[in-house]
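The numbers in the UniProt record's numbering rise by one with no breaks, and the one at position 118 of the sequence shown is 118.
From the three backbone atoms N, C-alpha and C, an ideal C-beta is built for every residue, glycine too.
Given the structure is predicted, the values throughout are model-derived calculations rather than measurements.
Step one of this worksheet: look at the structure below.
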Amino acid sequence: MPDTLLALNGLDAHYGDFQALFGVDMEVHAGEVISIIGANGAGKTTLMRSITGLMRNTAEQINHLGQPIGRLRADQVAHRGIAMVPEGRQLFPSLSIEENLLVGGKVGRTGPWSLSKVYDMFPILAERKGQKSMSLSGGQQQMVAIGRALMANPDLILFDEISLGLAPVVISDIYKALPDIIGEGMTAMLVEQDISRALQVSSRVYCLQEGRVSLEGRTGDVSRDDITAAYFGVT
Ligand code: ATP
Numbered sequence: 001m002p003d004t005l006l007a008l009n010g011l012d013a014h015y016g017d018f019q020a021l022f023g024v025d026m027e028v029h030a031g032e033v034i035s036i037i038g039a040n041g042a043g044k045t046t047l048m049r050s051i052t053g054l055m056r057n058t059a060e061q062i063n064h065l066g067q068p069i070g071r072l073r074a075d076q077v078a079h080r081g082i083a084m085v086p087e088g089r090q091l092f093p094s095l096s097i098e099e100n101l102l103v104g105g106k107v108g109r110t111g112p113w114s115l116s117k118v119y120d121m122f123p124i125l126a127e128r129k130g131q132k133s134m135s136l137s138g139g140q141q142q143m144v145a146i147g148r149a150l151m152a153n154p155d156l157i158l159f160d161e162i163s164l165g166l167a168p169v170v171i172s173d174i175y176k177a178l179p180d181i182i183g184e185g186m187t188a189m190l191v192e193q194d195i196s197r198a199l200q201v202s203s204r205v206y207c208l209q210e211g212r213v214s215l216e217g218r219t220g221d222v223s224r225d226d227i228t229a230a231y232f233g234v235t
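What follows is the structure, encoded as structure tokens:
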């Protein structure tokens, strides 16, 4: 079994009195691509927010390379090598493409990713690098969000619904780029509404239902019926 990069140990998450995650256990090994699927409100975004230091957890509930990180701040988590491409992109609208990308580089890690490598992957960003990010199409903004995460040279990258609201042709372009991203020795966790697409690119899948893991398995081993049952809670 390869090394465990990230382990969630009975992860709970709360918004005030509301509990969004209940004892989630998960193991991610170096080099894996994991899909997290589940209906709206199942807790997928909350899971990613927990991993990246945006929720309050106990230290031991999240382990990265054998170290408890559940109480670290988001900037400390980023410095350890975990980056997120958030749902809705969350770019700085009045900054240019290049300035947005450089924000990712401020994490202070070294690695293969640089401005020129991001521009090689998404040439349209190089052509428009001085343009403010708010003037871009949704697909181009998503490329900036991916590039910004890569500029942090993470060893684990979390994608939260990268295809949400994008035209099919743009989604295809972004998915075409995924092997290049993940091919750089990175580990990835993908939240995706399009289950077929998610399963195509990932080696293992976890399904969340109302804050609990309802299915876990290798993508080749889980059937459509298993997924439907785990997703909708039907038996
Ligand atoms: P979606 O596909 O709609 O993004 P999700 O699986 O990512 O769904 P989460 O966004 O993690 O689900 O939400 C999990 C639960 O937590 C939902 O019941 C949601 O209403 C609740 N929730 C999320 N954010 C907050 C918040 N800021 N305050 C209170 N409750 C929240």
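Apart from the five residues on each side of it in sequence, which residues of its chain come closer than 6 Å, Cβ to Cβ, to residue i?
i, result
"Pro-86", "Asp-160"
"Phe-92", "Asn-100"
"Leu-199", "Thr-219"
"Met-53", "In the sequence under discussion, the amino acid at residue 53 is Gly, which differs from the Met named in the question. For Gly-53, where only same-chain residues beyond five positions count, the Cβ hits under 6 Å are Leu-72, Arg-73, Ala-74 and Val-77."
"Ala-83", "Ala-149, Ala-152, Pro-154 and Ile-157"
"Ser-214", "Cys-207 and Ala-230"
"Val-170", "Gly-139"
"Ala-13", "Ala-20, Leu-21, Thr-46, Ser-50 and Met-55"
"Arg-212", "Phe-22"
According to DSSP, residue i sits in a beta bridge with which residue or residues?
i, result
"Arg-218", "Arg-204"
"Ser-96", "Lys-132"
"Val-213", "Leu-208"
"Ile-82", "Leu-156"
"Met-26", "Leu-8"
"Gln-67", "His-64"
"Ala-188", "Val-33 and Ile-157"
"Gln-19", "His-14"
Who are the Cβ neighbours of residue i in its own chain at under 7 Å, not counting the five residues just before and after it?
i, result
"Ala-187", "One detail in the question is off: residue 187 reads as Thr in this sequence, not Ala. Counting only Cβ-Cβ distances below 7 Å, and skipping sequence neighbours, we find Leu-5, Val-28, Ala-30, Gly-31, Glu-32, Asp-155 and Leu-156."
"Met-121", "Ala-177 and Asp-180"
"Glu-210", "Ala-42"
"Gln-142", "Arg-89, Ile-162, Leu-166 and Ile-174"
"Asn-9", "Asp-25, Glu-60, Gln-61 and Asn-63"
"Leu-164", "Glu-87 and Gln-193"
"Gly-111", "Asn-153"
"Arg-80", "His-64 and Ile-69"
"Glu-184", "Pro-112"
May I ask which residues mark the beginning and end of the beta strand (DSSP E) holding residue i?
i, result
"Asn-63", "62 to 64"
"Thr-110", "Premise fails: Thr-110 is in no beta strand (DSSP E) and is neither H nor E."
"Arg-10", "Reading off the sequence, residue 10 comes out as Gly, not Arg. Unbroken beta strand (DSSP E) run through Gly-10: 4 to 15."
"Asp-160", "156 to 160"
"Gln-142", "Looking at the DSSP string, Gln-142 is not in any beta strand (DSSP E); the run it does join, the alpha helix (DSSP H), is 138 to 151."
"Thr-58", "Unbroken run through Thr-58: none, as it is neither H nor E."
"Ala-229", "Counting along the chain, Ala-229 falls outside any beta strand (DSSP E), though it belongs to the alpha helix (DSSP H) covering 224 to 232."
Which two residues bound the contiguous alpha helix (DSSP H) that contains residue i?
i, result
"Ser-35", "Unbroken run through Ser-35 is the beta strand (DSSP E), 33 to 37; no alpha helix (DSSP H)."
"Thr-46", "44 to 51"
"Pro-126", "The sequence shown places Ala at residue 126, rather than the Pro named in the question. 123 to 127 is the span of the alpha helix (DSSP H), which, as asked, contains Ala-126."
"Ala-177", "168 to 182"
Which same chain residues, not among the five before or five after residue i, have their C-beta less than 8 Å away from its C-beta?
i, result
"Met-1", "Its pLDDT being 46, under 50, Met-1 is placed unreliably by the model, and nothing is read from it."
"Ser-203", "Glu-32, Val-33, Ile-34, Arg-218 and Thr-219"
"Leu-125", "Ile-97, Leu-101, Val-118, Tyr-119, Gln-140, Met-143, Val-144 and Gly-147"
Please confirm whether any heavy atom of the ligand FMN lies closer than 8 Å to the CB of residue i.
i, result
"Ser-96", "For the ligand FMN, the structure offers nothing, since it holds only the ligand ATP."
Exercise for review: Any chance you could list the residues with Cβ under 6 Å from a heavy atom of the ligand ATP, keeping chain order?
Suggested key: Per the Cβ criterion, the list is Tyr-15, Phe-18, Ala-20, Gly-38, Asn-40, Gly-41, Ala-42, Gly-43, Lys-44, Thr-45 and Thr-46.
Practice item. Check whether the segment 145 to 152 touches the segment 96 to 103, counting contact only when three or more Cβ pairs, one atom from each stretch, lie closer than 8 Å. Key: Output reads yes: the segment 96 to 103 touches the segment 145 to 152.
Practice item. Would you be able to state if there are at least three C-beta pairs under 8 Å between the segment 190 to 203 and the segment 35 to 45? Key: Yes, since at least three Cβ pairs between the segment 35 to 45 and the segment 190 to 203 fall closer than 8 Å, the two stretches touch.
Practice item. Kindly confirm or deny that the segment 58 to 69 and the segment 110 to 122 touch, where touching means at least three C-beta pairs closer than 8 Å. Key: They do not touch, by the three-pair rule.
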